[in-house]
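**Q** Residue numbers (UniProt numbering), protein chains in the order written: chain A, 1 to 242; chain B, 1 to 208.
Beta carbons: idealized from backbone N, C-alpha and C, even for Gly.
Here you go, one structure.
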Amino acid sequence: MHRYANPTRFLKIARVATPIVALLGLALTAAGLWIGLFASPPDYQQGESVRIMYVHVPAAWLGAGGYMSLAIASATALIWRHPLATIAARAIAPAGAAFTAICLVSGSLWGKPTWGTYWVWDARLTSMLVLLFLYLGYLALSASEAEKGGEQRGAAILALVGVINLPIIKYSVEWWNTLHQGSSISVANASSKIAPELLTPLLLSVAGFSFLFGAIVLMRMRAMLAWARVDARSRRMAEALA
Amino acid sequence: MLWALFRRDLLLIARSPAIWLPVMFFVLVAALFPFAVGPDARLLARIAPGIIWVAALLASLLPVETLLAPDVEDGSIDQLIARGIALELVCAARIAAHWLGFAVPLLAALPVAGVLLGLDAATGLRLGLALLLGTPALASLAVVAAALTAGLKGGGALAGLIVLPLALPVLIFGVGSDVAGAFRLLGAASLVALAVGPFAAAAALKPE
Numbered sequence: 001m002h003r004y005a006n007p008t009r010f011l012k013i014a015r016v017a018t019p020i021v022a023l024l025g026l027a028l029t030a031a032g033l034w035i036g037l038f039a040s041p042p043d044y045q046q047g048e049s050v051r052i053m054y055v056h057v058p059a060a061w062l063g064a065g066g067y068m069s070l071a072i073a074s075a076t077a078l079i080w081r082h083p084l085a086t087i088a089a090r091a092i093a094p095a096g097a098a099f100t101a102i103c104l105v106s107g108s109l110w111g112k113p114t115w116g117t118y119w120v121w122d123a124r125l126t127s128m129l130v131l132l133f134l135y136l137g138y139l140a141l142s143a144s145e146a147e148k149g150g151e152q153r154g155a156a157i158l159a160l161v162g163v164i165n166l167p168i169i170k171y172s173v174e175w176w177n178t179l180h181q182g183s184s185i186s187v188a189n190a191s192s193k194i195a196p197e198l199l200t201p202l203l204l205s206v207a208g209f210s211f212l213f214g215a216i217v218l219m220r221m222r223a224m225l226a227w228a229r230v231d232a233r234s235r236r237m238a239e240a241l242a
Numbered sequence: 001m002l003w004a005l006f007r008r009d010l011l012l013i014a015r016s017p018a019i020w021l022p023v024m025f026f027v028l029v030a031a032l033f034p035f036a037v038g039p040d041a042r043l044l045a046r047i048a049p050g051i052i053w054v055a056a057l058l059a060s061l062l063p064v065e066t067l068l069a070p071d072v073e074d075g076s077i078d079q080l081i082a083r084g085i086a087l088e089l090v091c092a093a094r095i096a097a098h099w100l101g102f103a104v105p106l107l108a109a110l111p112v113a114g115v116l117l118g119l120d121a122a123t124g125l126r127l128g129l130a131l132l133l134g135t136p137a138l139a140s141l142a143v144v145a146a147a148l149t150a151g152l153k154g155g156g157a158l159a160g161l162i163v164l165p166l167a168l169p170v171l172i173f174g175v176g177s178d179v180a181g182a183f184r185l186l187g188a189a190s191l192v193a194l195a196v197g198p199f200a201a202a203a204a205l206k207p208e
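What follows is the structure in structure tokens.
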């Protein structure tokens with residue numbers, strides 16, 4: 001792992017990898033969405049609104065998976081002091097937050113025709129909303145620390161505290177939900193049996209979104225490294241002039 | 001050592017003129033709700049536990065900017081590190097002192113808030129027990145947030161953004177305390193927060 005902690009080596013690999021990952025992501029997403037939106041049959045129960053799933057499910061997966069990768073990058077940054085891991089965490093967080101928000105918005109748009117309301121305090125919806133808040137807290141702390149300069153240890157610790165708390169939150173929300181109302185709406189039932197014509201575009205768009213996520217993270221990391229280089233150069237120039 | 005640190009923290013809290021602020025804030029929030037939702041006694045009694053928990057959560061966050069930031073700025077923390085005192089110990093003492101400083105006066109003010117909201121005695125007693133069990137977790141979270149935001153601009157608002165989602169389980173188990181098992185879950189949430197809190201706060205305070 002330390003072999004790839006060198007920013008120069010990382011940049012050499014990332015320069016080649018970024019367009020490949022991005023193009024792969026675009027192609028897979030386009031294929032998945034095209035089949036999903038035009039070439040697949042509507043659901044026998046949900047009708048056309050099932051097509052929101054091809055955006056919603058990959059966004060949910062990346063929102064949750066993004067927080068896991070944020071926690072792993074933060075742990076790596078804290079334990080091995082990898083400068084690249086800190087940059088990776090900062091690159092992952094806004095992308096993960098954006099996908100969590102897409103998941104919530106698309107889910108709420110799907111909920112209106114299906115459940116008759118934009119929002120229910122269902123256990124899954126609530127957990128996802130809390131996940132978005134965790135992301136926002138991380139982003140605010142990280143931005144505040146970046147302004148001050150330094151290693152961003154606080155943001156990394158917060159990401160780890162959040163990942164410890166995440167299962168507790170999930171469990172408590174489920175407990176709370178069963179307490180207040182019988183679960184009249186179950187998100188799980190809708191997708192428990194899925195026809196193969198619907199599964200193919202779903203898998204395609206999940207893969208496509210994931211590659212796009214990877215491309216966004218790579219681009220953001222490269223941009224942050226470039227900014228760091230610009231900063232260092234202008235500091236050197238200022239010193240030379242002084 | 002832990003005792004000496006704890007005594008110092010407690011004295012600092014007791015001597016500061018801000019000691020009454022969280023309690024007054026707590027009672028004021030409780031008194032604000034009847035104005036906001038109307039004086040219907042049945043409705044107020046039904047939502048009173050939720051109001052009191054939210055007020056307690058906000059009250060625990062009120063002194064967050066003075067919990068650790070002054071000690072970081074004036075070098076007290078550096079002095080403690082130089083003397084070889086574990087920061088985990090410092091943070092544990094701070095959590096205990098913060099809990100005594102905000103939760104105990106808050107429990108004393110609970111009857112007042114309960115009367116204002118029309119809470120009956122049995123519910124009030126159960127709520128008091130739930131607050132006793134749950135507030136250590138709030139104190140621990142507040143100290144962690146104070147450590148994370150010490151020396152940052154807008155630390156108070158930032159601490160709120162950090163703590164509120166993390167405090168959700170305590171809130172849920174605290175308000176649901178009329179259900180079997182809630183007290184145990186609340187106690188468990190407090191124990192987890194108390195076990196992790198000193199280490200997370202110390203890691204955040206460690207100089208780079």
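Tell me the DSSP secondary structure of G118/B in three-state form.
**A** Three-state DSSP puts G118/B in coil, outside helix and strand.
**Q** Given residue 293/A, which residues of its chain have a CB within under 7 Å of its CB, disregarding the five upstream and five downstream residues?
**A** The question about residue 293/A has no answer here: the residues shown for chain A are numbered 1 through 242.
**Q** Which residues does DSSP list as the beta-bridge partners of D43/A?
**A** DSSP lists G47/A as partners of D43/A.
**Q** Can you find the residues in the same chain that come closer than 6 Å, C-beta to C-beta, to A150/B, ignoring five residues on each side of it along the sequence?
**A** L68, A69 and V72
**Q** Indicate the three-state DSSP secondary structure (helix, strand or coil) for N6/A in the structure shown.
**A** coil
**Q** What does the Cβ neighbour count give for D74/B, buried or exposed, with the cut at 16 atoms within 10 Å?
**A** exposed
**Q** Kindly indicate which three-state DSSP category M1/B falls into: helix, strand or coil?
**A** If DSSP states are grouped into helix, strand and coil, M1/B belongs with coil.
**Q** State yes or no: is the C-beta of L185/B within less than 8 Å of the C-beta of F173/B?
**A** yes
**Q** What's the call for T8/A, buried or exposed, on a 16-neighbour Cβ count within 10 Å?
**A** Burial call: exposed.
**Q** One question on the structure: do G154/A and L141/B come within less than 8 Å of each other, judged by their Cβ atoms?
**A** no
**Q** According to DSSP, simplified to helix, strand and coil, what is S16/B?
**A** Residue state, collapsed to three classes: coil.
**Q** Please tell me whether G160/B and S144/A are closer than 8 Å, where the distance is taken between their beta carbons.
**A** no
**Q** L152/B versus chain A: which residues are under 7 Å apart at the beta carbon?
**A** S144, E145 and K148
**Q** Looking at chain A, is there any beta carbon in it that lies within less than 8 Å of the beta carbon of P165/B?
**A** yes
**Q** To the nearest angstrom, how far is it from the Cα of L152/B to the Cα of E147/A?
**A** Going by C-alpha positions, L152/B is about 9 Å away from E147/A.
**Q** Do P49/B and V175/B have their C-beta atoms within less than 8 Å of each other?
**A** yes
**Q** Is there a Cβ from chain A that is less than 8 Å from the Cβ of F173/B?
**A** yes
**Q** List, in chain order, every chain B residue whose beta-carbon is nearer than 8 Å to that of W176/A.
**A** Using a Cβ-Cβ cut-off of 8 Å, W176/A is close to I172 and G176 of chain B, given in chain order.
**Q** Which class does K148/A belong to by DSSP, given the choice of helix, strand or coil?
**A** helix
**Q** Give the DSSP-derived three-state secondary structure of V21/A in the structure shown.
**A** helix
**Q** At a Cβ threshold of 8 Å, is A146/B touching chain A?
**A** Under the Cβ distance rule, A146/B does not count among the residues neighbouring chain A, no pair being separated by less than 8 Å.
**Q** Does the separation of the CB atoms of A73/A and R222/A fall below 8 Å?
**A** no
**Q** Verify the CB distance criterion: does P198/B have a CB-CB separation below 8 Å to chain A?
**A** no
**Q** Evaluate G182/A with the Cβ neighbour count: other Cβ atoms within 10 Å of its Cβ, from every protein chain shown; 16 or more gives buried, anything less gives exposed.
**A** Unreliable placement is indicated for G182/A, whose pLDDT of 47 sits below 50; the coordinate value is still reported in the next sentence. Counting Cβ neighbours within 10 Å, G182/A comes out exposed, since fewer than 16 surround it.
**Q** Alpha carbons only, please: which of R83/B, L44/B, F26/B and L100/B is nearest the one belonging to V54/B?
**A** That would be F26/B, whose Cα lies nearest to the Cα of V54/B.
**Q** Which of the three DSSP states, helix, strand or coil, is assigned to Y54/A?
**A** helix
**Q** Show which residues of chain A have a CB atom less than 9 Å away from the CB atom of V192/B.
**A** Per Cβ cutoff of 9 Å: I164, N165 and I168.
**Q** Identify, in the order they occur along the chain, each residue of the same chain with its Cβ nearer than 8 Å to the Cβ of V206/A, setting aside the five sequence neighbours on each side.
**A** G32, V57, P58 and W61
**Q** Within a Cβ cutoff of 7 Å, which residues of the same chain sit near L107/B, ignoring the five residues on either side of it in sequence?
**A** Contacts found: G128, L131 and L132.
**Q** Is it true that the segment 14-34 of chain B meets the segment 109-119 of chain B, where meeting means three or more beta-carbon pairs spaced less than 8 Å apart?
**A** yes
**Q** Just the Cα atoms here: how many angstroms apart are E88/B and A109/B?
**A** The C-alpha of A109/B is placed about 31 Å away from the C-alpha of E88/B.
**Q** Smallest Cα separation from A140/A: which of W99/B, I162/B, A137/B and P136/B?
**A** The residue from W99/B, I162/B, A137/B and P136/B with its alpha-carbon nearest to that of A140/A is I162/B.
**Q** Looking at the structure shown, is P63/B part of a helix, part of a strand, or coil, going by DSSP?
**A** P63/B sits in coil when the DSSP states are folded into three classes, being neither helix nor strand.
**Q** Should Q152/A be labelled buried (16 or more other beta-carbon atoms within 10 Å of its own) or exposed?
**A** buried
**Q** Which class does R236/A belong to by DSSP, given the choice of helix, strand or coil?
**A** helix
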